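Working notes, beginning with the structure itself.
Below you can see the structure in the form of structure tokens.
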């Protein structure tokens with residue numbers, strides 16, 4: 359169960375919008391299977407930033423749907439994220455809009471890891487969210503961010519810095535690596551992690567905090583009860599904190615024997631499907647008020 363893809367880090371989903379700067383969006387193709395794909399770009403902090411936007415073809419124009427921002431990891435790109443997670447397929451039936459932002463040099467400024475700490479990645483996501491909420495069929499109360507590895511770390515950072523915009527984040531093989539985290543309001547948080555992750559180890563090391571320490575930190579920030587309820591199903595152990603403010607949830611899913619990756623896709627069978635875990639978490643949350 360330890361086989362994993364090349365490169366050290368990978369990221370998954372994130373919700374974003376654009377305010378300010380120049381921008382352009384052009385249709386790439388419309389799928390007969392009920393989705394439409396656009397390649398978009400905008401200028402943020404003097405640099406052109408790009409993204410792939412996937413919309414379900416809605417039978418009722420004007421219907422508002424959730425937005426999922428899926429963030430790739432270090433050394434891979436938004437195309438890798440789209441193909442690996444297969445959120446596009448899920449978006450057809452759920453339905454939701456999904457956007458795959460592209461990091462500069464295939465990395466993200468998530469804190470101490472892994473991109474250039476001068477890159478305005480938070481501003482890029484903020485402006486992307488502004489654009490999509492203004493111009494699309496996005497429910498502004500259901501902005502959801504996911505990512506893998508460095509992308510998961512970016513999702514954690516966005517929960518700290520854009521808590522007024524984001525309902526929830528879901529990180530796979532990630533960590534919270536910002537020096538400080540002071541969210542303006544509670545954000546629901548899911549972390550999915552393998553016990554055999556040697557790149558972002560659960561027990562922590564000189565580069566990363568332990569998984570339980572930063573998840574306990576989120577529970578405290580959200581005003582949850584002190585001790586989580588722990589349950590086990592197959593190779594997955596779930597720790598769920600309850601009593602959190604504003605109906606938020608804090609959940610840690612630990613996959614026994616799994617390494618560093620987006621679980622359940624392309625590799626060893628028997629692992630839980632990370633895409634389904636993430637969407638199940640997102641879809642059961644109440645709208646932000």
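Numbering (this note's numbering), first residue to last: 359 to 647. Virtual Cβ for every residue (Gly too), placed ideally from N, Cα, C. Note that this is a predicted model, so its numbers are computed, not measured.
For residue 570, the uninterrupted alpha helix (DSSP H) segment begins and ends at 569-579. Assignment of residue 636 by DSSP, reduced to helix, strand and coil, places it in the helix class.
For residue 497, the uninterrupted beta strand (DSSP E) run begins and ends at 496-506, by DSSP.
Contact between residue 550 and residue 530 holds, with the beta-carbon distance rounding to 5 Å and staying under 8 Å. Residue 560 has its alpha-carbon roughly 8 Å from the corresponding atom of residue 570. For residue 610, the closest C-alpha among the options 595, 629, 418 and 622 is that of 595. Ranked by how close their Cα comes to the Cα of residue 631, the residues 552, 602, 575 and 512 have 552 in first place.
Nearest C-alpha to residue 444 among 426, 433, 432 and 461: 426. A direct Cα-to-Cα measurement between residue 524 and residue 613 gives close to 26 Å. Apart from sequence neighbours up to five positions away, the residues of its chain that approach residue 600 with a beta-carbon distance below 7 Å are 582, 583 and 587, ordered along the chain.
In this structure, the CA atom of residue 457 is about 4 Å from the CA atom of residue 411. According to DSSP, residue pairing for residue 430 in a beta bridge does not occur. Within 10 angstroms of the beta-carbon of residue 592 lie fewer than 16 other beta-carbons, which makes it exposed.
Put simply, the backbone Cα of residue 436 is about 6 Å away from that of residue 430. In the structure shown, residue 551 falls within a strand segment according to DSSP collapsed to helix, strand and coil. Relative to the Cα of residue 404, the nearest Cα in the group 585, 416 and 476 belongs to 476.
Taken atom to atom, the span from the alpha-carbon of residue 473 to that of residue 481 is near 15 Å. Looking at 615, 485 and 466, the one whose alpha-carbon comes closest to that of residue 513 is 466. With contacts defined by Cβ atoms closer than 8 Å, residue 400 and residue 407 form a contacting pair. Between the beta-carbon of residue 637 and that of residue 422 there is about 18 Å, and that puts the pair past the 8 Å contact cut.
Counting along the chain, residue 442 sits inside the alpha helix (DSSP H) bounded by residues 436-443.
Taking all protein chains shown into account, residue 446 has 16 or more neighbouring C-beta atoms within 10 Å of its C-beta and is therefore buried. Only residues of its own chain outside the window of five on either side were considered, and among them 544, 580 and 581 have a CB closer than 6 Å to the CB of residue 603, listed in chain order. Closest option to residue 499, judged by alpha-carbon separation, among 454, 395, 573 and 578: 454. Residues 468, 469, 470, 471, 511 and 566 of the same chain have their beta carbon placed closer than 7 Å to that of residue 535, with the five preceding and five following residues left out of the count. DSSP places residue 413 in the strand class (E or B) of the three-state scheme. Residue pairing by DSSP places residue 425 opposite 455 and 501 in a beta bridge. Rounded to whole angstroms, the separation of the alpha carbons of residue 532 and residue 554 is 13 Å.
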